[in-house]
Amino acid sequence: MEQRYPSLLLDKAVSELSRLPSIGRKTALRLALHLLRQDVEDVDDLADAIKSLRHNVKYCRMCHNISDNDVCEICSDPRRDASVVCVVENIRDVMAVEATQQYHGLYHVLGGVISPMDGIGPSDIEIESLVERVGREQISEVILALSSTMEGDTTNFYIFRKLAHTGVKISVIARGISVGDELEYTDEVTLGRSIMNRTVFEGKQL
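Numbering (the working numbering), first residue to last: 1 to 206.
Spelled out as structure tokens, the structure:
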């Protein structure tokens, strides 16, 4: 039986908070009651930050990373090596690789991986824009830094096939990351070594 609250406003707040990932109604209730105990100004600041995040954050037109501007800070940084592009699944993976401080090239965020079971095909992620980017820019190497899962390997193989005619060097991060591991949860030292010790991708599905 669903718990009843003494306030419809509290009930609405709990319902909205419980829509967030990993937040059940009990946790949502604790959060809502915590907010009620805070200064109104602090709660307003939180609400404004969330609204601004949703309305004003953009996606970089070059790499699809999140950005405050049309081109993100990484793509616009002249100190980065623009000839090397690291392909990752999502924005969290960009943060994970950046935390290693071992990589100084650019990125390309796919926004997912090929997963027929989930109805995600090549056209649903940013693969075609990667192919166009390789053809348009002076890129000498593409590093495939996707998670060591069946979906990640399938996506690696598809990208390799799409870029094979370009002559660009295609490498894959070393298997210091266990099969099945998600990139964002790999420790910084292991991930950094995996990038530095990357190997040429042989175009074989595992």
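Beta carbons are placed, not taken as given, at the ideal position from N, Cα and C, and that holds for glycine. Quantities reported herein were computed from a predicted structural model and do not represent experimental measurements.
From residue i to residue j, what does the alpha carbon distance come to, in whole angstroms?
i: Arg-79; j: Asp-70; result: 19 angstroms
i: Ser-171; j: Ser-115; result: 22 angstroms
i: His-55; j: Tyr-107; result: 24 angstroms
i: Cys-72; j: Phe-201; result: 28 angstroms
i: Ala-49; j: Ala-96; result: 23 angstroms
i: Val-134; j: Thr-166; result: 8 angstroms
i: Asp-93; j: Val-57; result: 18 angstroms
i: Arg-25; j: Arg-4; result: 11 angstroms
i: Arg-198; j: Tyr-103; result: 12 angstroms
i: Cys-191; j: Val-142; result: Per the sequence shown, residue 191 should be read as Leu rather than Cys. Each residue's alpha carbon lies about 17 angstroms from the other.
i: Gln-101; j: Leu-146; result: 18 angstroms
i: Gly-119; j: Met-150; result: 15 angstroms
i: His-34; j: Glu-98; result: 34 angstroms
i: Gly-111; j: Glu-126; result: 7 angstroms
i: Pro-159; j: Ser-140; result: First, the amino acid is wrong: residue 159 is Ile here, not Pro. Roughly 15 angstroms separates the two Cα atoms.
Can you list, in chain order, the residues of its chain whose CB lies under 7 angstroms from that of residue i, leaving out five sequence neighbours each side?
i: Val-91; result: Correcting the residue identity first, residue 91 is Ile in this sequence and not Val. Closer than 7 angstroms at Cβ, skipping near neighbours: Asn-65, Ile-66 and Val-109.
i: Val-131; result: Lys-162 and Leu-163
Tell me residue i's beta-bridge partners as DSSP assigns them.
i: Val-200; result: Ser-171
i: Asp-81; result: Gly-105
i: Ile-288; result: Residue coverage of the chain in this structure runs from 1 to 206, which leaves residue 288 outside it and unanswerable.
i: Cys-86; result: Tyr-107 and Ile-143
Using the Cβ count rule (16 or more neighbours within 10 Å means buried), how would you classify residue i?
i: Ile-195; result: buried
i: Met-62; result: buried
i: Leu-20; result: exposed
i: Ser-123; result: exposed
i: Leu-144; result: buried
i: Leu-53; result: exposed
i: Tyr-22; result: A quick correction: the sequence has Ser, not Tyr, at residue 22. Ser-22 comes out exposed.
i: Ser-148; result: buried
i: Arg-137; result: Here residue 137 turns out to be Glu, not Arg, going by the sequence shown. Under this definition Glu-137 is an exposed residue.
i: Val-40; result: exposed
Within the same chain, show all residues whose beta-carbon is closer than 8 angstroms to that of residue i, passing over the 5 residues directly before and after it, in chain order.
i: Ala-32; result: Leu-10, Ala-13, Val-14 and Leu-17
Near residue i, which residues of its chain fall below 6 angstroms by C-beta distance, leaving aside the five closest residues on each side in sequence?
i: Ser-7; result: none
Report task. Kindly provide the ranges of any beta strand (DSSP E) runs that are 3 or more residues long and lie completely inside the region 90-165, ordered along the chain. Result -> Every unbroken stretch of the beta strand (DSSP E) spanning 3 or more residues and falling wholly within the region 90-165 is given here in chain order: 105-109 and 141-144.
Query raised in the report: Which residue spans inside the region 3-62 form an unbroken alpha helix (DSSP H) run of at least 4?
Result: Annotation: the region 3-62 contains the following complete segments of the alpha helix (DSSP H) (minimum length 4 residues), in chain order: 8-17, 25-37 and 40-56.
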